[in-house]
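Engineer: Just dropping this structure here.
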Amino acid sequence: MFGFKKESGYNKKESYKHIANNLICALKEEKKNVFAFVSSSCNLNEIVSKIGAEAAKKVKTLVVNVCFDGEPKNSLDSKDVKIINTSGLAENFQNDLLKYKSEFDLVLISLNSILTKAEALEYAKICEEVVIIEKCTECYYADYENMLAGFKTIGINPRGVITVC
């Protein structure tokens, strides 16, 4: 789905903008507007918020940070994008998601603990698309494989992978 080569002219903001534009294209062409961002090992709050801020320049965007026990809430303040923190059971979230889909053009859901929290897979299953984000220095390949195996068992086919250095 996405790929960036870090060179001398590498610009993170442009990368976030590129990802946001790809999501907006999927929204318009495929009529999909709920994307879950997952990782085997890294905290995604900041990354997903920045992608959301870029998307919000073109469409009404909501970033949902799903907080499981002991995970940090998103404290980033953004005037461009609405960011909310949520917790609880995935069944309850499914009802909230219907409301979010009607109020916002694009809904980005940050699920940090896909391997360590069983409920995270249930959240991912509710979403229309799943995008994996991995930090090169924090991800073990075995964790990545285990995450993919978990997806396969519940029928999730990730849309793509974003690697972050």
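When we follow my numbering, the leftmost residue of the sequence shown carries the number 19, and every step to the right adds one. Just so it is clear, CB atoms sit at the ideal spot from N, CA and C, and this is done for glycine as well.
(1) Taking Cβ positions, are glutamate 152 and threonine 171 nearer each other than 7 Å?
(2) Using only CA atoms, which one of Asn29, Leu41, Asn51, Tyr34 lies nearest to phenylalanine 122?
(3) Would valine 179 pass as a contact of serine 128 if the rule is Cβ separation under 7 Å?
(4) Would you kindly check if the distance between the Cβ of alanine 54 and the Cβ of alanine 160 is under 7 Å?
(5) Could you tell me which of Asn164, Arg177, Glu156 sits nearest to cysteine 145, measuring between CA atoms?
(6) So cysteine 60 packs on glutamate 156, CB below 8 Å; how close in whole Å?
(7) Can you give the Cα-Cα distance for valine 149 and leucine 41, rounded to whole angstroms?
Structural biologist: Short version:
(1) Taking the first residue of the sequence shown as position 1, residue 152 is located at position 134. Taking the first residue of the sequence shown as position 1, residue 171 is located at position 153. The answer is no: Cβ separation not under 7 Å.
(2) Walking along the sequence shown from the start, residue 122 turns up at place 104. It is Asn51 whose Cα lies nearest to the Cα of phenylalanine 122.
(3) In the sequence shown, the residue the question calls residue 179 occupies position 161. In the sequence shown, the residue the question calls residue 128 occupies position 110. No, they are not a contact pair.
(4) Counted from its first residue, the sequence shown places residue 160 at position 142. Counted from its first residue, the sequence shown places residue 54 at position 36. Cβ distance not < 7 Å, so alanine 160 and alanine 54 don't count as in contact.
(5) Sequence index remark: in the sequence shown, residue 145 carries index 127 (1-based). Considering only alpha carbons, the answer is Arg177.
(6) As a working note, residue 60 is residue 42 in the sequence shown. As a working note, residue 156 is residue 138 in the sequence shown. With 8 Å as the limit, cysteine 60 and glutamate 156 qualify as a contact, their Cβ atoms being about 5 Å apart.
(7) Translated into positions along the sequence shown, residue 149 becomes position 131. Translated into positions along the sequence shown, residue 41 becomes position 23. Using only the alpha carbons, I get a separation of about 10 Å.
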